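Keeping their order, the protein sequence lines are chains A and B.
Residues 105 to 462 in my numbering are what the first sequence spells out, letter by letter.
Residues 6 to 309 in my numbering are what the second sequence spells out, letter by letter.
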Amino acid sequence: MNSQPLVLQALRQPGSLISLSLEDWDLLLRQARQANLLARLYVLLDEHGLLEQVPFQPREHLEWVHAIAERHTRAIHWEISLIRKALARVGVPIILLKGAAYVMADLPSARGRLFTDIDIMVPKDRLNEVEAALMLHGWATTHHDAYDQRYYRTWMHELPPMQHVRRSTVIDVHHAILPETAAIHPDPEKLRAAACALDGCDDIQVFSPADMVLHSATHLFHDGELENGLRDLVDIHSLLCHFDSLPTFWSDLAERARELELTRPLFYALRYATLFLRTPIPVDVQDAASTGRPNRLTLALMDSLFTRALMPVHPSCSDGLTGSARWMLYVRSNWLRMPPLLLARHLFHKAFFSPKAE
Amino acid sequence: MKVSALSFQELGIRLKKGGIFLRTGSFVTHLQTSISSVADGIGLLYADYPLVEHAGFADFHVSLASPRTLRRWFKPQVLFLFDGKPAFKPLPLDQAFPTFEWGLNWCVSSHANRYLIIHAAVVERGGYAAILPAPPGSGKSTLCAALVCRGWRLLSDELALVRVSDGKIIPLPRPVSLKNESIDIIQRYEPDAVFSRKVSDTMKGTVAHMKAPSDSIAYATEPARAAWVIFPKYQAGAATRLEALPQSRAFMRVADNAFNYSLLGVRGFETMAGLIDASLCYDFSYSVLDEAIETFAALKPPVP
């Protein structure tokens with residue numbers, strides 16, 4: 105494995121890119137594209153006033169993808185206005201999660217971020233009303249298999265994804281941030297109680313700064329699909345750097361993680377953000393977060409898995425063990441989602457009864 | 006160095022080993038494949054295109070390969086890989102060369118957002134470009150092939166690239182894709198034209214590609230000015246008729262045929278408005294190619 109993929113160098117020190125050869129640019133663009141970070145690269149270079157110094161050909165690619173990122177941001181605003189309209193009469197508080205939250209709260213992590221869907225969170229006892237209202241406004245459920253429906257509705261923390269019949273946009277409606285069947289239960293009530301209203305809107309909210317970081321970390325370190333792993337780590341890095349200026353942010357973070365049972369994901373988030381992106385984190389915060397540290401053996405294993413699986417899915421960022429690292433983390437994520445017996449039953453059903461996707 | 010400087014055998018070996026860096030218009034494609042029908046198609050239709058030696062940089066890294074499944078023994082398939090990742094579902098191996106053409110169109114139309122990209126053929130004469138947008142079945146490629154066989158310069162058979170900064174049309178001359186009866190019609194019309202082998206049973210029926218004229222390839226870096234937007238319609242037995250079209254109607258119809266009009270937002274609108282504003286717009290129905298060529302020869306550029 106290339107010990108330090110170019111894309112990491114780019115994220116840490118955009119200034120150093122100016123001396124790259126065309127050949128290096130070629131490789132950097134390919135790594136960044138696979139990691140879904142190409143538009144982010146444009147933003148970094150732009151913020152450092154370096155775009156003009158990028159050779160013509162790679163700059164073209166950055167400009168091309170910048171147009172797509174701008175379009176995504178416009179589309180998110182539009183889509184959220186339609187979701188608000190659809191849910192206006194239900195009168196439930198909507199909390200925007202992840203990318204949609206970054207865009208609407210105008211956070212730096214939104215710049216150059218590409219989207220596939222919108223995630224929202226509503227109270228569990230209002231799910232039916234929310235689903236009905238969205239259906240009335242053209243969103244339809246996507247998983248038609250009866251087993252899949254039951255899987256989501258009984259065990260998961262979200263409804264099956266809903267897709268709009270005309271615009272094809274997808275919305276994920278959550279009622280918690282981890283599955284019902286997971287071993288840890290960050291209390292959605294606590295998250296909701298701390299949520300902040302967005303400027304100028306009384307019907308949509310986003311998580312508090314600490315909760316936003318914790319959710320992002322939970323998502324990254326409990327999820328088995330790590331194609332966007334580095335992108336998600338960059339989100340966390342960017343949130344930490346941005347919230348750094350808030351007076352109580354750092355002191356709240358580890359305490360809040362304890363309260364929400366999320367000390368482990370916070371530990372990993374801070375560890376790998378520092379390791380890969382050199383995120384400046386106060387020493388006392390790192391100490392406080394070390395309550396989430398696993399034992400030495402587990403940590404050594406996790407290090408060897410995440411240093412591989414968080415890299416872009418590109419041959420230049422892989423070694424002979426990358427494939428198995430991804431697979432093991434996938435298995436681990438399922439392990440974290442469900443108790444063993446239920447998981448075995450679920451996998452058995454998926455393997456032998458569910459219709460095969462062509 | 007041009008592709009033709011390599012013998013068929015050398016080309017095949019290069020494609021198989023490190024791949025070639027092929028320049029088409031303003032894009033460089035790094036192509037790697039060990040499929041012989043692709044090598045044959047490149048050797049035949051891309052003979053006049055420049056190879057970029059010691060490139061170091063390619064806009065698109067593509068390869069065509071057979072998926073490593075059991076199917077390669079009985080119904081072999083081809084995959085179009087964009088930097089190692091499949092961009093589409095696999096197609097029958099026999100369609101490997103058309104798949105390369107379609108895949109390259111996809112590369113350009115889904116990335117190159119410095120251009121307003123319209124699904125249209127573009128031909129040029131005297132610095133003025135005629136854009137022929139292409140609702141399906143309009144016979145745009147047939148007309149385009151006939152025009153370039155009669156002295157018009159080929160800018161593109163498939164993708165009109167309108168530069169957002171100045172509204173100029175950027176050439177992307179590549180082989181002209183013809184389907185079904187059109188193949189025989191153009192082979193009869195221009196017996197000297199070079200064609201790739203016919204491939205049948207594709208999603209578009211039988212297809213074959215006609216080599217772009219050498220002059221068009223030689224001038225592939227020279228942009229043109231938009232002068233006419235013409236909606237062609239081939240109708241058996243129809244009289245040749247060129248009818249002026251209100252610019253407002255033309256605008257909406259061109260927008261319908263654009264890949265990234267809404268993606269570009271305000272810039273898309275402005276570029277489109279500039280294009281329509283600079284052009285005379287027509288509906289054109291025809292059934293006899295010679296008459297169509299005469300009509301095009303008589304087109305007058307717009308008065309500035």
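Cβ coordinates follow ideal geometry from the N, Cα and C atoms, glycine included.
Everything numeric in this text was worked out from a predicted model, so none of it was measured.
- Between Arg-144 (chain A) and the set A:Ala-236, A:Arg-116, A:Ser-125 and A:Arg-412, the nearest pair of CA atoms involves A:Arg-116.
- As computed with DSSP, Glu-262 (chain A) is found in a beta bridge with A:His-278.
- Assignment of alpha helix (DSSP H) within the region 359–443 of chain A, counting only whole runs of 4 or more residues, yields 367–381, 387–393, 400–413 and 426–441 in chain order.
- Residue environment analysis places Thr-220 (chain A) among the exposed positions, since fewer than 16 neighbouring C-beta atoms fall within 10 angstroms of its C-beta.
- Not a single CB atom of chain A sits nearer than 8 Å to the CB of His-214 (chain B).
- Leaving aside the five residues that flank Lys-184 (chain B) on each side, the residues in its chain whose CB is nearer than 6 Å to its CB run, in chain order, Lys-209, Gly-210 and Val-212.
- When DSSP states are grouped into helix, strand and coil, Trp-233 (chain B) belongs to the strand group.
- A direct Cα-to-Cα measurement between Phe-93 (chain B) and Phe-85 (chain B) gives close to 7 Å.
- With its beta carbon at least 8 Å from every one in chain A, Asn-110 (chain B) lies outside the interface.
- Beta-bridge partners of Pro-138 (chain B) (DSSP): B:Ala-125.
- Using a Cβ-Cβ cut-off of 8 Å, Ile-199 (chain A) does not count as an interface residue toward chain B, since no Cβ of chain B sits closer than that to its own.
- With 16 or more other Cβ atoms inside 10 Å of its own Cβ, Met-415 (chain A) counts as buried.
- Within the region 24–110 of chain B, the runs of beta strand (DSSP E) that reach at least 3 residues and sit entirely inside it are, in chain order, 25–29, 32–38, 65–70 and 82–87.
- Bounds of the beta strand (DSSP E) holding Phe-289 (chain B) are 285–291.
- For Ile-172 (chain A), the nearest beta carbon of chain B is closer than 8 Å to its own beta carbon.
- Below the 8 Å Cβ cutoff, chain A contributes no neighbours of Gly-30 (chain B), its closest Cβ being approximately 13 Å away.
- At a cut-off of 8 Å between C-beta atoms, Gln-117 (chain A) does not count as an interface residue with respect to chain B.
- The C-beta separation of Ile-222 (chain A) from Ala-204 (chain A) comes to about 5 Å, placing the pair in contact by the 8 Å criterion.
- The DSSP-derived three-state label of Phe-353 (chain A) is helix.
- Chain A has a Cβ within less than 8 Å of the Cβ of Ala-63 (chain B).
- Not one beta carbon of chain B lies nearer than 8 Å to the beta carbon of Leu-141 (chain A).
- Every alpha helix (DSSP H) stretch that sits fully inside the region 279–314 of chain A and reaches 4 residues is listed by chain position as 292–298.
- Chain A has no Cβ within less than 8 Å of the Cβ of Arg-254 (chain B).
- Interface residue (Cβ-Cβ distance to chain B less than 8 Å): Leu-282 (chain A) is not classified as such.
- When C-alpha distances from Leu-211 (chain A) are compared across A:Ile-288, A:His-241, A:Val-310 and A:Leu-155, the shortest belongs to A:Val-310.
- One thing to note: Cys-112 (chain B) has its Cβ within 8 Å of the Cβ of Phe-65 (chain B).
- Val-212 (chain B): member of the beta strand (DSSP E) spanning 210–215, first to last residue.
- If you check the CB distance, Ala-198 (chain B) and Ala-231 (chain B) do not come in under 8 Å.
- For the pair of segments examined, the region 89–105 of chain B was found not to touch the region 218–227 of chain B: the number of CB pairs separated by less than 8 Å stays below three.
- Distances from the alpha-carbon of Ile-298 (chain B) to those of B:Glu-248, B:Arg-155 and B:Leu-98 put B:Arg-155 closest.
- For Glu-127 (chain A), the chain B residues whose Cβ falls inside 8 Å of its Cβ are Gly-61 and Phe-62, in order along the chain.
- Contact note: Arg-119 (chain B) reaches chain A through Glu-164, Glu-167, Trp-168 and Ala-171, using a C-beta cutoff of 9 Å and chain order.
- Taking the CA atoms as reference points, Thr-177 (chain A) sits about 28 Å from Glu-233 (chain A).
- Annotation: Pro-459 (chain A) to Leu-445 (chain A) spans about 22 Å, alpha carbon to alpha carbon.
- Between Asp-130 (chain A) and chain B, the shortest Cβ-Cβ separation is below 8 Å.
- Among the residues of chain A, those whose CB is under 7 Å from the CB of Leu-269 (chain B) are Ala-171, following chain order.
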